[in-house]
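Colleague: Chains as they are written, first to last, in my numbering: chain A, 1328 to 1579; chain B, 63 to 211.
Right, I'll just put the structure down here and ask away after.
Shown next as structure tokens:
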């Protein structure tokens, strides 16, 4: 039996990292419950929504249950961190790690910057955008303008998110810039089909992780978390749509 | 020949998406491979005359099945593989034309595209669900009439 306080801290840190960087709700709950049980506590319950985690367990019979919560303010996608926390929880449950060592490793995961450098992410957004513009019926000459537009949209998104508190405004600005650059490039004579280029430049903004997680959460019975995640994805899509609608009504 | 080029481009685009979502390195190429298979199934289904919604369902089901199998094998959360896998199916172009029609005031055309978008998104979800139910076979959490006890 380990010190309840330490186990609680470690579990909540693991949950916080997972939820913040895009794990599904059921995975967070299952991981925390498993880790608390592996440390020898009973009556383990975990309740997770998109914005917070509650964890409670019984230290020993006759004593009151321990219960704490953490609030998750911002969410982003870094599946590498989710994978690494998963690995730590696997080793902890198998008894290969002590509470202190696990906590140490979680802190390290929390501290490490994003897995890929930011310039690589921008370039990757360009590759993804131009690839999809071709797949959606564009031609080979559209690859270059779609690449430029997608890179600029991605740069706008990241730079705006750094300063703006409202995330949806950043997404709208990114869609606006991406669409405007695409239209401008076609007017300048680079590329042929403006629709395909615009679609390509917007694809990197699509909330793929949230949508998949929302479906998974709803199906596993986490109705509250699934709904809130679905609404988040819907709002993102709407802000992209309004950004691009602004571009079209201004320039097309 | 054209399909081959499309497959190569799918591979590159899916890997690009994988980097945006910070998929770990050991899953990056696998995710790209699943994306290629997804695109191939989708195009084959359409070439055989199936509707695009049904082809999307088949493609999403195969992507999710492969993702589940591989995730178990290399011990990695299944989302890191299933998200790159289903990305080629996202109805981005339908969604865009929906919005375009609404902006231009052509509401009937917009609704038509909108319904198509929804159906395609539903087919992706349906494929994910089918694969999930296959892989959680035997882990039932309870029956409506407690007949299972």
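The C-beta atom is built at its ideal place from N, Cα and C for all residues, glycine as well.
Bear in mind the structure is a predicted one, so any value in this text is a computation, not a measurement.
Just curious, the alpha helix (DSSP H) that residue 1424 of chain A is in, first and last residue?
Modeller: Where residue 1424 of chain A is concerned, there is no enclosing alpha helix (DSSP H), given that its DSSP letter is neither H nor E.
Colleague: Which same chain residues, not among the five before or five after residue 1340 of chain A, have their C-beta less than 8 Å away from its C-beta?
Modeller: So the list reads 1430, 1433, 1434, 1437, once near-sequence residues are dropped.
Colleague: From this set, B:168, B:67, B:137, B:140, which residue's C-alpha is nearest residue 101 of chain B's C-alpha?
Modeller: The residue with the shortest Cα to Cα distance from residue 101 of chain B is B:67.
Colleague: Between the alpha carbons of residue 1530 of chain A and residue 1387 of chain A, how many angstroms are there, rounded?
Modeller: About 52 Å.
Colleague: Out of A:1533, A:1528, A:1513, A:1559, which one is the CA nearest neighbour of residue 1541 of chain A?
Modeller: Among A:1533, A:1528, A:1513, A:1559, the Cα nearest to that of residue 1541 of chain A is on A:1559.
Colleague: Going along the chain, which residues of its own chain have a beta-carbon closer than 6 Å to the beta-carbon of residue 211 of chain B, five neighbours each way excluded?
Modeller: Model confidence at residue 211 of chain B stands at a pLDDT of 49, short of 50, so the residue's coordinates are unreliable; what they give is reported in the following sentence. Here the set comprises nothing.
Colleague: Beta-carbon separation of residue 158 of chain B and residue 1522 of chain A under 8 Å?
Modeller: Cβ distance < 8 Å, so residue 158 of chain B and residue 1522 of chain A count as in contact.
Colleague: Once you ignore the five residues that flank residue 216 of chain B on each side, which residues in its own chain have a CB closer than 7 Å to its CB?
Modeller: The requested residue 216 of chain B does not occur in the structure, where chain B is confined to residues 63 to 211.
Colleague: Given that a residue counts as buried once 16 or more other Cβ atoms are within 10 Å of its Cβ, and exposed if not, what is residue 1439 of chain A?
Modeller: With fewer than 16 other Cβ atoms within 10 Å, it is exposed.
Colleague: Taking DSSP as the reference, what is the three-state secondary structure of residue 1372 of chain A?
Modeller: Note: residue 1372 of chain A maps to strand in three-state DSSP.
Colleague: Mind checking if residue 1489 of chain A is an interface residue toward chain B, Cβ cutoff 8 Å exclusive?
Modeller: Answer no: the Cβ-Cβ gap between residue 1489 of chain A and chain B never drops below 8 Å.
Colleague: Report the neighbours of residue 161 of chain B on chain A: residues whose CB is nearer than 7 Å to its CB, in chain order.
Modeller: Going along chain A in sequence order, the residues near residue 161 of chain B (Cβ under 7 Å) are 1568, 1571, 1572.
Colleague: Helix, strand or coil, according to DSSP, for residue 1361 of chain A in the structure here?
Modeller: Helix.
Colleague: If the cut-off is 9 Å on Cβ atoms, which residues from the region 1526–1538 of chain A count as contacting chain B, listed in chain order?
Modeller: Those residues of the region 1526–1538 of chain A that come within reach of chain B (Cβ to Cβ, closer than 9 Å) are 1526, 1527, 1529, 1530, 1531, 1533, 1535, 1536, 1538.
Colleague: Which residues, taken in chain order from the region 1432–1444 of chain A, show a beta carbon closer than 9 Å to some beta carbon of chain B?
Modeller: Within the region 1432–1444 of chain A, the residues whose Cβ lies closer than 9 Å to some Cβ of chain B are 1441, 1442, 1443, listed in chain order.
Colleague: Starting from residue 1397 of chain A, follow the beta strand (DSSP E) in both directions and report where the run begins and ends.
Modeller: Run containing residue 1397 of chain A: 1392–1398, per the beta strand (DSSP E) assignment.
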